[in-house]
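Residue numbers (this note's numbering): 5 to 239. All residues carry an ideal CB built from backbone N, CA and C; glycine is no exception. Being a predicted model, the structure only gives us computed values, none of them experimental. For reference, the structure is listed below as structure tokens.
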Amino acid sequence: MGSKPMDSLEPATTRQALKTPRAAAIAGIAFAVLLSVSLVLIRLALIANADQRVAGVWATDSVHRNLVIFALNLIPYAGIAFLWFIGVVRDRMGQYEDRFFATVFLGSGLLFVAMLFAGAAVAGGTIAALANSSSALSNGAWQLNREVTHSLLTIYAMRMAAVFTISTATMALRIAIMPRWIALLGYACAIVLLLSAGFVPWTEMLFPGWVFVVSVYILVASLRAQRTTPTEISR
């Protein structure tokens, strides 16, 4: 009598354990897509164009302004999805999680999200000031806000992304939570981000690209596990 509820709960618990990694892997894919779109739009509309150094010119260009607003609206959702991605990677580590690398992994991931949000907040505040006709920004203030946004999004945030990638790839090699080639690809992306992000255009796209690869692998692996588990449960 007492063992029956435990038996009835076991399949549901197993199914829930399979659903969580799959949902988080999808969140990782969503993060990669959302961040990529945001970075591309921000660079095209706010960073790459030299004419945007003049606040008055940029404020009157509705196309560039609307692109940046749309990109900034995507960043909070990208950050939320990234937190889910952190969760699924830690779930795959399980009891083999190394405290040292796990601390660096978690700290760098949270700092990355914080800097991403800070950069978006500065850019959003700049746009709000430009939209208010009663408080136009001087060219000096505009240039300062523009450079702060650029630094936070493509220099500091991407350095933290590189540290996150290195720690994740190292743990992947130590406990084999993903194929070796994905870990080595992560090291290569991290080195480029550490040395070039913010100075070489478009290198920041490497991080969401690597997260996309990892998320697709985790999603495929969880789907394969889901196919084999019902057979094991029936036995």
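C-beta atoms of residue i and residue j nearer than 8 Å
| i | j | result |
| --- | --- | --- |
| ILE131 | ILE73 | yes |
| SER42 | ALA82 | yes |
| LEU124 | ILE84 | Reading off the sequence shown, one finds Ala at residue 124, where the question assumed Leu. Contact flag unset, no. |
| GLY202 | ILE159 | yes |
| GLY186 | ALA194 | Looking at the sequence shown, residue 186 is not Gly but Ile. No, the Cβ-Cβ distance between ILE186 and ALA194 is not below 8 Å. |
| GLY128 | LEU76 | yes |
| ALA165 | PHE211 | yes |
| VAL126 | VAL93 | no |
Own chain partners of residue i with C-beta closer than 7 Å, once the 5 adjacent residues on each side are dropped
| i | result |
| --- | --- |
| ALA89 | Just to set this straight, residue 89 is Phe in the shown sequence, not Ala. Closer than 7 Å at Cβ, skipping near neighbours: ALA28, ALA31, GLY32, PHE35, VAL215 and SER219. |
Spatial neighbours of residue i in its chain, beta-carbon cut-off 6 Å, leaving aside the 5 residues before and after
| i | result |
| --- | --- |
| ALA242 | No information on residue 242 is available, as it lies outside the stretch 5 to 239 that the chain covers here. |
| VAL167 | SER112 |
| ALA39 | In the sequence on display, residue 39 carries Leu and not Ala. So the qualifying residues of the chain are ALA82 and PRO212. |
Contact belief for residue i with residue j at Cβ below 8 Å, rounded distance in angstroms
| i | j | result |
| --- | --- | --- |
| LEU189 | VAL217 | 7 Å |
Neighbourhood of residue i by C-beta distance below 8 Å, restricted to the same chain and skipping five residues each side
| i | result |
| --- | --- |
| TYR191 | THR169, ILE170 and ALA173 |
| TRP206 | ARG47 |
| ARG163 | LEU197, LEU198 and ALA201 |
Selection from the options that minimises the alpha carbon distance to residue i
| i | options | result |
| --- | --- | --- |
| ARG178 | PHE104, VAL37, ALA75 and GLY91 | PHE104 |
| ILE181 | VAL37, LEU39, ALA122 and SER226 | SER226 |
| ARG184 | VAL108, VAL92, GLY128 and TYR221 | TYR221 |
| ASN70 | LEU48, PRO205, VAL93 and ARG231 | LEU48 |
| GLU208 | HIS68, SER155 and THR107 | SER155 |
| LEU223 | VAL67, LEU87, LEU38 and ARG96 | ARG96 |
| LEU87 | VAL44, LEU157 and LEU114 | LEU114 |
| HIS68 | ALA145, LEU134, ALA122 and SER40 | LEU134 |
Heavy atom of the ligand GTP within 7 Å of residue i beta-carbon
| i | result |
| --- | --- |
| GLN147 | With respect to small molecules bound, the structure shown includes none, and the ligand GTP cannot be examined in it. |
Inset, instruction - Can you check the segment 148-218 for any alpha helix (DSSP H) of at least 4 residues that lies completely inside it and give the ranges in chain order? - result: Correct list: 161-179 and 184-200.
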